[in-house]
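Just so you know, the sequence shown maps onto residues 214 to 293 in this note's numbering.
In this text, a Cβ means the ideal position worked out from N, Cα and C, and glycines have one as well.
Some notes on the structure that comes next.
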Amino acid sequence: MRYIVMIAALVAFAFQARADERVPRVTDPLVRKECGACHMAFQPAFLPAKSWDKMLGELSNHFGEDASLPADQVSAIRAY
């Protein structure tokens with residue numbers, strides 16, 4: 214029984230390591246700085262473009278916080 218648990222754990226860790234390789238890193242410095250200041254900076258593919266547009270349009274109430282940014286920064290983040 215002990216060996217089965219050990220093998221299952223090794224298999225689980227192997228799949229976890231591979232999963233990290235498939236998630237592209239956020240490379241844009243502005244996105245990493247501004248979005249990553251309060252939470253993990255999410256990859257663009259995390260949400261549909263329509264959802265990102267809505268979220269970026271409502272930064273004054275970003276999950277109860279004012280995360281407002283200058284218009285040029287919002288445009289740059291939206292383009293990313």
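Limits of the alpha helix (DSSP H) - the one that residue i falls within
i, result
"Glu247", "242-247"
"Arg238", "Neither: Arg238 is in no alpha helix (DSSP H) and is coded neither H nor E."
"Gln286", "284-292"
"Ala280", "It is not in any alpha helix (DSSP H) - Ala280 carries neither H nor E in the DSSP assignment."
"Ala262", "262-270"
Nearest-angstrom beta carbon gap, residue j and residue i [assumed within contact, 8 Å]
i, j, result
"Tyr293", "Val244", "5 Å"
"Ile220", "Glu247", "So it is not a contact: roughly 44 Å between Cβ atoms."
"Val239", "Ala262", "16 Å between Cβ atoms; not a contact."
Distance CB(residue i)-CB(residue j) smaller than 8 Å
i, j, result
"Ser264", "Leu272", "no"
Three-state class that DSSP yields for residue i in the structure shown
i, result
"Val259", "It is worth fixing the name first, because residue 259 is Phe in this sequence and not Val. If DSSP states are grouped into helix, strand and coil, Phe259 belongs with the helices."
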